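Only one structure is covered here, and it is reproduced in the block below.
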Amino acid sequence: MNNKVLLCILLLFAPVASLPAQEFNAKVTVNSDRIQSTNKTIFTSLERALNQFINETHWSSTTFSVNERIDCTFSINIIEQPSDNVFKAELFVQSRRPVYNAAYSTTILNYRDTKFDFEYMENAAIQTQQNTLSSNLEAVISFYVQLILALDFDSFSPMGGSVFFRSAQNIATMAHSSGWSGWSAFDDNKSRSSMINAYLDESLKKYHELWYTYHRKGLDEMAANPDRGRLTILNALPYLKEMRQVRSSELILQMFADSKLDEMISIAEKATQEEKKEIYDLLRGVFPSMSNQLETLKK
Numbered sequence: 088m089n090n091k092v093l094l095c096i097l098l099l100f101a102p103v104a105s106l107p108a109q110e111f112n113a114k115v116t117v118n119s120d121r122i123q124s125t126n127k128t129i130f131t132s133l134e135r136a137l138n139q140f141i142n143e144t145h146w147s148s149t150t151f152s153v154n155e156r157i158d159c160t161f162s163i164n165i166i167e168q169p170s171d172n173v174f175k176a177e178l179f180v181q182s183r184r185p186v187y188n189a190a191y192s193t194t195i196l197n198y199r200d201t202k203f204d205f206e207y208m209e210n211a212a213i214q215t216q217q218n219t220l221s222s223n224l225e226a227v228i229s230f231y232v233q234l235i236l237a238l239d240f241d242s243f244s245p246m247g248g249s250v251f252f253r254s255a256q257n258i259a260t261m262a263h264s265s266g267w268s269g270w271s272a273f274d275d276n277k278s279r280s281s282m283i284n285a286y287l288d289e290s291l292k293k294y295h296e297l298w299y300t301y302h303r304k305g306l307d308e309m310a311a312n313p314d315r316g317r318l319t320i321l322n323a324l325p326y327l328k329e330m331r332q333v334r335s336s337e338l339i340l341q342m343f344a345d346s347k348l349d350e351m352i353s354i355a356e357k358a359t360q361e362e363k364k365e366i367y368d369l370l371r372g373v374f375p376s377m378s379n380q381l382e383t384l385k386k
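So the mapping is simple: the working numbering equals the position in the sequence shown, first residue as 1, plus 87.
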């Protein structure tokens with residue numbers, strides 16, 4: 088993944104059909120067990136269309152080899168079908184990134200979106216065109232694709248994901264103007280718009296540095312020098328405490344915990360008793376609701 092260098096600026100969020108290699112090894116699943124529907128084949132069609140949309144679209148100008156493609160899952164749980172071709176659902180998105188010289192991958196994104204309303208007609212292909220959004224289904228999936236790219240690129244080079252964060256913000260702006268659900272930043276501090284605005288908040292710029300340090304200078308170093316890699320990670324974490332003073336950081340901190348807390352605990356368990364106490368006190372202060380998970384560091 089070291090050769091993931093942006094070759095040119097991404098044009099808004101639009102895929103580029105002539106570019107050579109897709110970016111994702113994605114698996115989309117659709118679960119409709121919670122609703123009574125006489126036509127279940129529509130969900131098979133939706134699953135197939137989304138797998139094709141994510142895996143066969145060119146989302147950036149960067150060339151990916153097959154083994155560099157990003158592993159991710161999109162799990163859609165259908166909650167309600169108010170009318171024909173109209174659905175209310177929740178979406179679970181997870182993405183992983185390989186760790187250098189290790190038979191291990193680390194979670195980059197682990198997020199549950201509970202406001203995923205969309206329309207879909209059976210056997211319809213999902214496509215996108217430059218500077219336009221045809222549906223909330225396209226908007227939501229494209230948004231998370233860009234977010235995954237942003238977080239992945241940020242983990243390999245300082246601020247490497249900036250162009251993708253901006254692309255996700257462009258999608259959020261257009262989707263909000265269309266009046267679709269889950270995008271309003273004014274009445275929901277956990278909306279997609281609020282999320283991406285937080286990632287681009289200048290007062291949280293150091294978070295991107297922490298993200299890069301954690302992955303590239305920390306995790307990727309642990310195979311060659313476990314102690315140095317671990318200390319690099321532990322020394323970067325105090326910034327999380329500073330983030331709590333920034334109002335827009337709440338959702339980002341929760342997303343960090345959802346993807347990284349178990350891993351941080353595992354890393355800290357191999358530290359000295361003094362280091363473990365320091366990291367326990369730090370993480371407990373940043374994530375007070377996670378106290379039970381952190382108790383293992385007191386042993």
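For each residue, glycine too, the CB sits at the ideal point set by N, CA and C.
Computed from a predicted structure; not experimentally measured.
- Exclusion of the five residues before and after Leu178 leaves Ile163, Asp200, Phe203 as the residues of its chain whose Cβ lies within less than 6 Å of its Cβ.
- Three or more Cβ pairs closer than 8 Å define a contact, and the region 169 to 177 falls short of that threshold against the region 141 to 157.
- For Lys385, the CB contacts under 7 Å within the same chain, skipping 5 residues up- and downstream, are Tyr367 in chain order.
- In this model, Trp270 and Ala262 are separated by some 7 Å (Cα to Cα).
- Per the DSSP secondary-structure output, Tyr207 pairs with nothing in a beta bridge.
- The region 268 to 287 makes no contact with the region 310 to 327; the number of CB pairs closer than 8 Å stays below 3.
- Judged by DSSP in its simplified three-state form, Phe174 adopts strand.
- Segment contact: the region 118 to 129 against the region 205 to 217, three or more CB-CB distances shorter than 8 Å; contact assigned.
- Sixteen is the threshold: when 16 or more other Cβ atoms of the shown chains lie within 10 Å of the Cβ of Glu225, as they do, the residue is buried.
- Note: Tyr198 is bridge-paired with Val180 in the DSSP secondary-structure output.
- Annotation for Ser192: Asp158, Arg183, Arg184, Pro185, Val186 place their beta carbon closer than 8 Å to its own, counting only its chain and skipping 5 residues before and after.
- One thing to note: Ala358 has its Cβ within 8 Å of the Cβ of Leu321.
- When only Cα atoms are considered, Gln168 and Leu318 end up about 50 Å apart.
- In the structure shown, the three-state DSSP call for Gln341 is helix.
- Asp171 and Asn379 have their alpha carbons spaced roughly 44 Å apart.
- Rounded to whole angstroms, the Cβ separation of Leu234 and Leu196 is 7 Å, and the two are in contact under 8 Å.
- About 7 Å separates the beta carbon of Ser335 from that of Asn284, a gap short enough to meet the 8 Å contact definition.
- Distance from the CA atom of Thr383 to the CA atom of Glu308, rounded to whole angstroms, is 25 Å.
- Three or more Cβ pairs closer than 8 Å define a contact, and the region 294 to 307 meets that threshold against the region 243 to 258.
- No Cβ-Cβ contact shorter than 8 Å links Phe111 with Leu137.
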